[in-house]
Amino acid sequence: AGKAETPAASPGTEKDTPVIVFAAASTKTALDAVAAAWKTNTGKTASIAYASSGILAKQIEQGAPADIFISADLKWMDYLQKAKLIRAGTRRKLLGNKLVLIEPGDADVKLEITKGFDLAGAAGDGKIAVCTLDSCPGGIYAKEALESLGVFASVEAKLALADNIRNALNLVARGEAKFGIVYATDAKAEPKVKLVGTFPEASHSPIIYPVALVEASNNPDAPFFLSYLKSQAATKIFTGQGFDILPK
Amino acid sequence: MIELDVALKVGTFNLEMAFRNDDGITALFGHSGSGKSLTLNLIAGLMRPDRGTITLDGRVLVDRARGIFVSPPRRRIGVVFQDSHLFPHLTVRQNLWFGRWFAPSRERAINFDAVAETLGIGKLLPRYPAKLSGGERQRVAIGRALLCCPRLLLFDEPLAALDMERKLEILPLIERLHTEFAVPIVYVSHATEEVARIANLVVVLNAGRVKAIGRPGEVLGPLGGESGWSRFDRVSVLTTKVCGANTAYDLTELKHPSGTIWLAGRAGPPGGQIRIIVRATDIVLSAGPPHDLSVRSSLSGQIGSIEKDGPLAVVEVILEGEGRLYAITTRHALDELGLDRGSRVFALIKTSALDERQAAVTPLSF
Amino acid sequence: MIELDVALKVGTFNLEMAFRNDDGITALFGHSGSGKSLTLNLIAGLMRPDRGTITLDGRVLVDRARGIFVSPPRRRIGVVFQDSHLFPHLTVRQNLWFGRWFAPSRERAINFDAVAETLGIGKLLPRYPAKLSGGERQRVAIGRALLCCPRLLLFDEPLAALDMERKLEILPLIERLHTEFAVPIVYVSHATEEVARIANLVVVLNAGRVKAIGRPGEVLGPLGGESGWSRFDRVSVLTTKVCGANTAYDLTELKHPSGTIWLAGRAGPPGGQIRIIVRATDIVLSAGPPHDLSVRSSLSGQIGSIEKDGPLAVVEVILEGEGRLYAITTRHALDELGLDRGSRVFALIKTSALDERQAAVTPLSF
Amino acid sequence: MTDLSPAEWTAIWLSLKIATAATIASLPFGILVAYALARWHFPGKMLLNGAVHLPLVMPPVVTGFILLILLGRKGVFGAFLASIGIVLSFRWTGAAVACAVMGFPLMVRAMRLSFESIDRRLEQAAGTLGANRASTFFLISLPLAAPGILAGAILSFAKALGEFGATITFVSNIPGETQTIASAIYSYTQVPGGDASALRLTVVSIAISLVALLASEIVQQRAEKRLASFE
Amino acid sequence: MTDLSPAEWTAIWLSLKIATAATIASLPFGILVAYALARWHFPGKMLLNGAVHLPLVMPPVVTGFILLILLGRKGVFGAFLASIGIVLSFRWTGAAVACAVMGFPLMVRAMRLSFESIDRRLEQAAGTLGANRASTFFLISLPLAAPGILAGAILSFAKALGEFGATITFVSNIPGETQTIASAIYSYTQVPGGDASALRLTVVSIAISLVALLASEIVQQRAEKRLASFE
Ligand SMILES: Nc1ncnc2c1ncn2[C@@H]1O[C@H](COP(=O)(O)OP(=O)(O)OP(=O)(O)O)[C@@H](O)[C@H]1O
Ligand SMILES: Nc1ncnc2c1ncn2[C@@H]1O[C@H](COP(=O)(O)OP(=O)(O)OP(=O)(O)O)[C@@H](O)[C@H]1O
Ligand SMILES: [Mg+2]
Ligand SMILES: [Mg+2]
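Listed below in structure tokens is the structure:
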């Protein structure tokens, strides 16, 4: 019972104060495993709060007791950096991801993702599930990709916008949508979808999960966890989930 | 025809009721808390008896042994509840029409305007029940029950909140229902006079049991001796024949084998039977024929029994021919007049004390 | 002391009321819909008059002109509503205690057990109101109003759903409130006898206006002639003195300058004043002194006025000494006995027709 | 407010359509379930009661997900519905269904309270006057429960205006088809600098619900006046 | 259910604590506002009524965001509250506030309906017996409104169990401090393969609310029996 009373927001001077990580929801599986590994290695706890990057950024802006912020895109990290709420020196690219086109597991459409490929035709009267185009990072990348491939106008009417990648994935997995544009990590974790193809890296801005120490953090363990994220053990977990590990 | 024989236990109260009335108005009479309203609830189908049967005009409404229970709407029994239970969201007119709507159109025998007129609720038709006075509400409730043209009517003290004058206007309406449309009625009341006037069967309840049952004359006369009943509740019922009239003084002459009774006003054609209710406290006994008195009516008879009750005594007068009267006098008077069992007496009845509107022209089995 | 002079318009109904009673029980009397309950609502503070003032014992409760309006709890006026308004979530005991709780303890003069006993609700104490019969609810409501030991009591037909026997048990309790604790009372009723028994001021309402106001004897005797009132509503009130008793026959002898009246039972010590209510239809007129009759009481007087009403006539008998009686007889009898204005007559009154329990030992200003 | 984009106007119009449809379509079910819970005794009553409350207890995403599983094109009932021509997924009708489901517990509770507070003796009186169960229900119980029915409808309508979690999960967010004000607002809150737009749309949806509220209060006050013996 | 992780047990315990605190803390305000809306006439009544409904109409994220701005550490009132030692943001207390706010419209509506259905003449009768406004309220109105108060409390409690939109926005989703069952479920639904865990937690929260519902039904039935003249 007393555990819940842990004063997470009080000055983190005591040794066993957990490191509080604010992380984009899509990193949950991997980060939970990393935190568990860290705990076994060091005996210290990392408490990870998952939500959408935007909410987390605004909470940090409002003085949330976060030590580390892991964003799903660069924009929200920039937003905080501009407000001088993160320690710019600690910021780096943690993970990379790829954008892929998927279809339900029982479908069998072959498509090569090239400039002007006939996604609209392949979709027919079906829907293409993506994350919300201008708010959710996945959606933004998808829009860029489709635009640079010159097919956005033809498929725009067929897009079904989910509020997060996971939902878009779901729509495909349940067979509601004919295609979906999601991250490679998601596609890998969901057995009920099939990979149709990967979008060329050049077709969209790089998918990067940046990480940084929060300016207000005074938990001495926080930098250690931050560096643990680069450790071999962590890297293994991340790559196992399908993330790319980015140099620096 | 209504017949019932039921038992019910609610809380600590045990009700056991049985009566049968082949034709006419049954009066349920009893103290507060004696089980009158519960009985009506059983008849209306709002409660289920623990055991027993209820039959109306040969149709079994309830038979616990055989598992029969007819639902209230299929019973078509109109009820005037003790508190009016008007529908608050409907106007008076809509309340009145409510039952009518569900009555098969060929059974809509009772005239809307006539009922509204008699009950004095014509002006209230567009109003909502919350804006009515207590008595107005009760009159609307009576109208509602009448207008649904039921096969049986249950009245739970419908006239309690009304003045005597209104009562005397409404009672004939209730009675007409019975005589014109042959609707049997079960009527709950505290007022003996009300009961005696309209009923052909009186059931007296006491603590959930039938304590007395019979015709009004038989039941209400001997009632006074029992604890809890006042001597003012004692009435006698006499059946007389119209035999003439005094047109100059606007009086009707009623013949009884034992004498003549004068009634104010004109009451029916010669030869018709008239039932008269006489309160025991209204009768003056005389050892000889009356003279010099304002009393016009006297009946002769013999004293049957004398039942003493403190300073007073209830004297049963066995009238010549047929019938009996109960009179209450002081013991002192009896001794002074030397009256005892077997004495010849004259029972004097004031015309003004007889309510001519309570005298029923009776086709009943009396 | 209660004094009011108010006007109120609700819907299309206009009420204009004014009366003042320095001490005692005011009876509000009137047909259904005449404005009785509205008047009580105004006194209790549940409605605001459009104009006017209400004063109780010198304290201004309402004065529209001066903008005074005392809220109901600060008026401490107990009300028995026409429908009982018991608190459904409280037991009978809690309902009864409800008002008591708020009464300043030195004002808790009325005994709980005595009230419960008189009202016959001792056994109902642990029950909830929904499980009571109609009359039981009404008795609890009376108890609740009494037990809050109010400065004024308002009764809206509290006894309508009760049998005569209960009524006669409860009326003395209501009266004792007045005599013992000097609580003024305003009492609404349809029953003239009830009213005449306990009131010292009668206000007769008709369609929202005061139609007659005065002492019971003055107001209720002449009442019958008006349309809408029955002759059975006419009563006379006589003030007499206890002068002796007949112990053998358990009778009390009451003296009036015009004669003797015998009352059943023992009514107060010799010398005490007793107020008696006589229904006009109960009086037998005789041209000479009575003989051979069971009637024990006779008062002599002279005929004042005769008011003819169809076959009947209302005869005002101006008694020797003081007071008057109203008697109703047939016109025929008057002519036969040769009675006319100025004739000497004897008014015969049956002892059994006088309700000794309605005879009030009266310290009132009669 | 004149600076709303055409897309936003579409979202507003769609929100109104969806909220109205959701409220009206769930009304009969809500009334039935509320009445059953208030007046009947039947086996499984507690289960029904629990089921009605589910959308309140479960996070909207879960509700949306369950709807997807049941009513989606390939869902258990969805496949059947599709075979008779009723397609809910990615349609505004589906959004209405999601909103109706989310508002259902609120609707039922309000109605149930009103049904429970009706004096049973009035229903009994109607029975003795010859009204069968159905007539009694429509002529007596339903009108007397009007305050609760109105309150339930308003709650459901307001909820439908604010709902997006279940909706977006079930039918996604297709501009012009299923993008309501609420999901548009949500999108705005997810981009840096979107606050102003989010606020603008929030004000619009508040205004709509205030109008609905005001209308319902007026209707109710009128009904109340009749029932009051004095004001 | 024995395979719940310690973190999940913590979330369950926290959810119970938060839902209970939210319900209890908002009860007096809910009762007051409901009674005011049901019985009083005052200027701005419509505004109050509208304000009460806001959390229903606005997407939860917006509500949460507004709470963050008002009550956050740097917020308008939050700074003041912090100065007197009350910190809500990113604490379980803040989560309780968010749940209370989200459940408030439901609570108030139910209570208001019950207050409105009380026969005013009973309150008047209490007045004539010497009970002042406060006594009448506590001895008559409040007990008679018990069905609505119970229903309101249950709705608020159930809503608190299911609420995560406003909570997660206001106080985030910090395990052991602000992570409730609902926000844990949300986290699980955000990653592929989390369905099983999400389902497990959903079942837990349904079970909790069913227990609460059952308890409330039993309480209510008992009270009803007293008020019924016959069953
Ligand atoms: N639901 C109930 N539970 C327990 N007791 C009840 C219930 N209903 C009535 N009673 C009791 O049964 C008795 C008979 O009630 P009923 O209503 O039939 O009386 P009544 O003869 O109509 O009296 P009244 O003239 O006062 O209306 C009363 O003592 C009453 O307290
Ligand atoms: N709120 C109201 N709006 C309009 N008219 C009303 C309202 N309340 C009462 N009335 C009318 O005012 C008149 C007087 O009502 P009140 O209740 O005082 O009658 P009453 O003398 O008590 O009658 P009863 O003996 O039938 O109870 C009635 O005609 C009634 O219809
Ligand atoms: Mg009764
Ligand atoms: Mg009245």
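Chains as they are written, first to last, in our numbering: chain C, 1030 to 1277; chain B, 1062 to 1427; chain H, 1062 to 1427; chain Y, 7 to 237; chain U, 7 to 237. For each residue, glycine too, the CB sits at the ideal point set by N, CA and C.
At least one CB atom of chain H sits nearer than 8 Å to the CB of G133/U.
When DSSP states are grouped into helix, strand and coil, W1162/H belongs to the helix group. Beta-carbon to beta-carbon, V1406/H and L1354/H are separated by about 15 Å, too far to satisfy the 8 Å threshold. With a cutoff of 7 Å, V1071/B counts as near ligand 1, since its C-beta is closer than that to a heavy atom of the ligand. W1067/C sits buried, since 16 or more C-beta atoms from the chains shown fall within 10 Å of its C-beta.
Using a CB distance below 8 Å, the part of the region 1363–1382 of chain B facing chain H consists of G1371, P1372 and L1373, ordered along the chain. With respect to C1304/H, G136/U sits apart: the two C-beta atoms are not nearer than 8 Å.
For D1144/H, the CB stays at least 7 Å from every heavy atom of ligand 3. About 7 Å separates the Cβ atoms of R232/Y and H1150/B, confirming a contact at the 8 Å cut-off.
In this structure, the CA atom of I1084/C is about 7 Å from the CA atom of Q196/Y. Given a length threshold of 4 residues, each whole run of the alpha helix (DSSP H) inside the region 1094–1169 of chain B is given here in chain order: 1097–1105, 1133–1136 and 1153–1163. Relative to I146/U, the option among A157/U, Q130/U and V39/U whose CA is nearest is Q130/U. Taking 8 Å as the cut-off, the beta carbon of L60/Y is found no closer than this to the beta carbon of I18/U.
Per DSSP, reduced to three states, the secondary structure at N55/Y is helical.
Straight-line spacing of the CA atoms in D1144/B and Q1199/B works out to 8 Å. No residue range can be given for T1412/H, since it is assigned to no alpha helix (DSSP H) and is classified by DSSP as neither H nor E.
Not one heavy atom of ligand 1 lies closer than 7 Å to the C-beta of L1147/H. Residues of the region 1180–1191 of chain H with a C-beta less than 8 Å from any C-beta of chain U: Y1189 and A1191, listed in chain order.
Within 10 angstroms of the beta-carbon of Q185/U lie 16 or more other beta-carbons, which makes it buried. The straight-line gap separating the alpha-carbon atoms of V1264/H and F1293/H is approximately 18 Å. Straight through space, the alpha carbons of G1384/B and L1360/B are spaced by roughly 11 Å. The region 170–190 of chain Y and the region 15–32 of chain Y touch, with three or more beta-carbon pairs separated by less than 8 Å. In the structure shown, the three-state DSSP call for T1058/C is helix. If the five residues before and after R1402/H are omitted, its C-beta is found closer than 8 Å to the C-beta atoms of I1364, G1365, S1366 and I1367, all from its own chain and listed in chain order.
Any Cβ of chain U closer than 8 Å to the Cβ of P153/Y would place that residue at the interface, and such an atom is present. If you draw a straight line from the Cα of P65/U to the Cα of E169/U, it is about 12 Å long. Using a C-beta cut-off of 8 Å, the region 1231–1239 of chain C makes contact with the region 1161–1173 of chain C, since at least three inter-stretch Cβ pairs fall below that distance. Residue burial annotation: D1135/C is exposed, with fewer than 16 other C-beta atoms found within 10 angstroms of its C-beta. In the three-state scheme derived from DSSP, where H, G and I count as helix and E and B as strand, T1308/H is classed as coil. By the rule that beta-carbons nearer than 8 Å mark a contact, L1107/B touches chain Y. Secondary structure note for W1323/H: its beta strand (DSSP E) is the uninterrupted segment G1320 to A1325. For F1173/B and T1152/B, the gap between their C-alpha atoms comes out near 15 Å. For P1219/B, the closest Cβ of chain Y is not nearer than 8 Å. A1388/H sits in a strand when the DSSP states are folded into three classes. In the DSSP annotation of this structure, the continuous segment of the alpha helix (DSSP H) that includes K1172/C starts and ends at P1166 to S1177. When DSSP states are grouped into helix, strand and coil, D1217/B belongs to the strand group.
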